[in-house]
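Some notes on the structure that comes next.
Protein chains: 2
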Amino acid sequence: MKIIVDAFGGDNAPGEILRGCAQAQMELGIQLALAGDKDKLLACAKELGLSPQLAQMEILDCKDALTMEDEPSAVLKEKPDSSMAVGLRALAQGRGDAFASAGNSGALVVGATMIAKRIRGVKRVAFAPLLPKSQGFFMLCDGGASVDCRPEMLLQFGLMGSAYMKRVMGIEKPRVGLANVGTEAHKGDELRHQAFELLSQCGDIHFVGNVEARDIPYDACDVVVTDGFTGNMLLKLYEGVAMAVMDKIKGVFTQSLKNKLAAAAVYGDMKQLKKSMDYNEYGGAPIIGAAKPVFKIHGSAKASTVKNALRLTRDYAQSGFVEQIAQAVAPGKAAGGDQQ
Amino acid sequence: MKIIVDAFGGDNAPGEILRGCAQAQMELGIQLALAGDKDKLLACAKELGLSPQLAQMEILDCKDALTMEDEPSAVLKEKPDSSMAVGLRALAQGRGDAFASAGNSGALVVGATMIAKRIRGVKRVAFAPLLPKSQGFFMLCDGGASVDCRPEMLLQFGLMGSAYMKRVMGIEKPRVGLANVGTEAHKGDELRHQAFELLSQCGDIHFVGNVEARDIPYDACDVVVTDGFTGNMLLKLYEGVAMAVMDKIKGVFTQSLKNKLAAAAVYGDMKQLKKSMDYNEYGGAPIIGAAKPVFKIHGSAKASTVKNALRLTRDYAQSGFVEQIAQAVAPGKAAGGDQQ
């Protein structure tokens with residue numbers, strides 16, 4: 264098992280990426296190939312005292328890197344020598360089993376689609392983050408890869424999300440819900456009506472019907488299916504509201520000496536709570552539907568999150584997910600694969 | 264100023280509605296007309312010791328009432344003698360200056376559109392709740408009245424939201440933002456591209472561009488413009504996440520004696536915080552774009568929320584909002600009024 268890692272993607276690259284890779288290499292029993300500027304990597308490893316660890320990793324030397332300001336298409340056009348582009352091409356060529364990057368999400372979606380390519384029959388890849396709910400976590404599918412979706416894409420998101428949750432996350436019978444403005448079958452817009460029909464008729468998933476946004480944090484289902492526009496709004500609002508509430512609570516805990524003392528008493532438990540709500544715990548988001556496993560590490564990831572993400576990337580690559588989806592959506596099969 | 268109130272709408276009707284009306288009548292200097300079953304109202308008032316207060320209100324006697332299970336169209340078809348339908352018809356006939364109901368939201372939107380009618384030139388009414396943000400509150404427009412929207416509708420939502428926030432809520436120069444998946448002008452789907460253009464060109468509002476969902480709780484703008492599908496998802500997720508986080512905190516505060524003592528110390532401040540996040544504080548949501556003021560009171564409203572809602576309904580009716588919008592969108596005017 265060899266994972267190719269974009270050493271120059273994310274807010275804390277290359278230092279935290281390198282540290283996370285060193286931990287992963289030791290703890291997870293995986294081989295690593297780092298895409299990025301070799302000279303800079305050697306210097307960084309030396310500074311961090313990780314030269315022996317880096318020596319065990321392959322380096323895919325390249326001089327360029329994408330930034331958050333680059334257009335998604337830059338991975339194909341303006342910056343073919345960027346660490347992300349080089350890593351994805353190496354993946355496509357079979358020089359590794361999976362690719363992980365904490366860099367520009369839009370570019371990673373474009374690169375997964377155009378360089379790693381989609382599974383034959385898959386209409387769109389999905390960006391599929393795991394988010395905390397009252398018990399455990401759920402997958403949001405799609406969280407922003409495709410802003411304009413057709414009903415058969417939503418069906419595929421359901422199929423892929425379900426397969427991922429089962430094979431990679433170990434959930435026995437994932438409940439798939441369609442994010443909608445009401446629970447009744449006729450609710451929502453034309454896209455939702457048609458997607459509801461398709462999902463209802465699909466025998467390969469456990470479809471629980473429409474789910475309202477209010478119920479999503481309360482364990483409405485394990486896979487929330489939605490178009491990428493709505494999904495991205497949900498993803499970012501989820502994060503924004505949780506942060507805003509926690510900020511307000513922090514405000515309460517610091518506004519007086521009495522409150523500070525109270526805060527000290529519950530400090531450990533509050534920290535635990537914050538951790539349970541932190542989607543960094545899940546390391547990032549798989550990009551599903553690509554013909555090879557591609558994993559988005561959180562942009563702000565530090566070493567331990569990078570390591571968690573690489574563990575999930577390994578699980579993704581080992582799961583047989585890609586093969587299962589390829590079979591399920593192969594042209595001619597039911598799951599919309601013949602309607603390309 | 265006479266406000267017509269649906270006495271049989273909402274989870275706590277008619278008791279809490281009647282109590283709220285009695286308070287409003289006394290404190291706000293408004294006249295009230297209650298739509299609903301006269302016999303039941305008299306009995307309820309007697310039980311609550313509010314017979315003298317009810318005696319000062321007009322009663323629009325009718326025997327039926329809508330439930331949350333009724334289809335929105337029931338206000339027109341199956342239940343023309345419901346308290347909501349009777350109240351809306353009285354409004355349309357000029358027997359009151361505004362109408363408020365805590366009943367079925369979908370039915371209220373249909374009734375506002377078909378019975379109170381839209382302002383001439385307004386393409387769709389909007390359900391426009393006020394939600395808390397880090398400082399104060401913002402308006403979500405549309406929060407679920409129209410799941411399928413065209414760009415010119417989003418322009419009108421911006422115009423109407425801005426006018427409401429200025430005239431009714433007293434915000435000097437409301438910042439209008441378009442909810443989108445990124446801040447750059449080219450982000451989002453076709454609807455967003457076209458709406459961005461229209462909003463940018465509109466001289467009557469202070470358009471601040473696209474706003475990401477993550478920034479909405481952090482004072483990104485005063486009016487969040489979006490289609491009703493996305494708006495409803497945002498509204499309900501906002502509520503769901505805030506509740507889920509508060510539930511988790513409650514869990515921390517009750518899990519041990521030490522934590523319970525800490526909770527006691529911060530109790531008052533936490534209560535204050537919860538209040539600042541409670542959208543019940545704003546009493547409900549105006550339905551804007553109707554030719555007469557229609558106000559949705561929260562379904563779970565108790566007396567004090569009903570009173571708050573009636574104060575806002577009064578402010579809405581007194582504000583000159585309807586006249587301003589009628590002028591702004593009159594057929595032939597710039598704001599999309601000529602593209603019916």
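Each protein sequence line maps, in turn, to chains V and Z.
Be aware that the first sequence starts at 264, since it is given in the numbering used here, and climbs by one per residue.
Be aware that the second sequence starts at 264, since it is given in the numbering used here, and climbs by one per residue.
We treat Cβ as the ideally placed atom computed from N, Cα and C, and that holds for glycine.
Keep in mind it's a predicted model, so treat the numbers as computed, not measured.
Helix, strand or coil at residue i according to DSSP, with G and I counted as helix
i, result
"residue 347(Z)", "helix"
"residue 594(V)", "coil"
"residue 321(V)", "strand"
"residue 333(V)", "coil"
"residue 603(Z)", "The predicted model places residue 603(Z) with a pLDDT of 39, which falls under 50 and marks its position as unreliable; any figure quoted below should be read in that light. Residue 603(Z): coil per DSSP, three-state reduction."
"residue 364(Z)", "strand"
"residue 394(V)", "strand"
"residue 383(V)", "coil"
"residue 265(V)", "strand"
"residue 482(V)", "coil"
"residue 589(Z)", "helix"
"residue 270(V)", "coil"
"residue 553(V)", "strand"
"residue 389(V)", "strand"
CB contact below 8 Å: residue i versus chain V
i, result
"residue 367(Z)", "no"
"residue 595(Z)", "no"
"residue 606(Z)", "Only positions 264 to 603 of chain Z appear in the structure, and residue 606(Z) is not among them; the question remains open."
"residue 532(Z)", "yes"
"residue 453(Z)", "yes"
"residue 372(Z)", "no"
"residue 375(Z)", "no"
"residue 591(Z)", "no"
"residue 265(Z)", "no"
"residue 570(Z)", "no"
"residue 559(Z)", "no"
"residue 505(Z)", "yes"
The beta strand (DSSP E) enclosing residue i, as first and last residue numbers
i, result
"residue 475(Z)", "469-475"
"residue 487(Z)", "486-488"
"residue 559(Z)", "557-560"
Residue i, enclosing alpha helix (DSSP H) - first and last residue
i, result
"residue 434(Z)", "Segment: none, residue 434(Z) is in no alpha helix (DSSP H) and carries neither H nor E."
"residue 507(V)", "491-517"
"residue 577(V)", "566-581"
Below-8 Å beta-carbon distance, residue i vs any chain Z residue
i, result
"residue 502(V)", "yes"
"residue 309(V)", "no"
"residue 497(V)", "yes"
"residue 407(V)", "yes"
"residue 528(V)", "yes"
"residue 604(V)", "Past the boundaries of the shown model lies residue 604(V); chain V is included only from 264 to 603, so the question cannot be answered."
"residue 511(V)", "yes"
"residue 548(V)", "no"
"residue 320(V)", "no"
"residue 458(V)", "no"
"residue 564(V)", "no"
Legend entry - Proximal residues, the stretch 469-495 of chain V versus chain Z, C-beta separation under 7 Å: Residues of the stretch 469-495 of chain V with a Cβ closer than 7 Å to any Cβ of chain Z, in chain order: 475, 476, 477, 478, 479, 480, 481, 492, 493, 495.
Inset, instruction - Give, in chain order, every residue of the stretch 383-403 of chain V whose Cβ lies closer than 7 Å to some Cβ of chain Z. - result: 397
Inset, instruction - Starting from the N-terminal side, write out each stretch of the alpha helix (DSSP H) that is 4 residues or longer and does not extend beyond the stretch 272-319 of chain Z. - result: 278-291, 301-311, 314-318
Legend entry - Residues, ordered as in the chain, of the stretch 513-525 of chain Z that lie near chain V by beta-carbon distance below 9 Å: 514, 515, 516, 518, 519, 521, 522, 524, 525
Legend entry - Segments of 3+ residues assigned as beta strand (DSSP E) that fall wholly inside the stretch 521-547 of chain V: none
Legend entry - Entirely enclosed beta strand (DSSP E) segments - the stretch 402-463 of chain V, minimum 3 residues: 438-443
Inset, instruction - Identify each residue in the stretch 440-451 of chain V for which the Cβ-Cβ distance to at least one residue of chain Z is less than 7 Å, and report them in chain order. - result: Against chain Z - using a Cβ distance shorter than 7 Å - the residues of the stretch 440-451 of chain V are 442, 444, 451.
Inset, instruction - Using a Cβ-Cβ cut-off of less than 8 Å, list which residues of the stretch 411-431 of chain Z approach chain V; keep chain order. - result: Taking 8 Å as the Cβ-Cβ cut-off, the stretch 411-431 of chain Z approaches chain V at 411, given in chain order.
Legend entry - Selection of the stretch 322-341 of chain Z by Cβ proximity to chain V, strictly under 9 Å: none
Inset, instruction - Pull out every residue of the stretch 271-305 of chain V whose Cβ sits closer than 7 Å to any Cβ of chain Z, in chain order. - result: none
Inset, instruction - Report the residues of the stretch 355-366 of chain Z with a CB closer than 7 Å to any CB of chain V, ordered along the chain. - result: none
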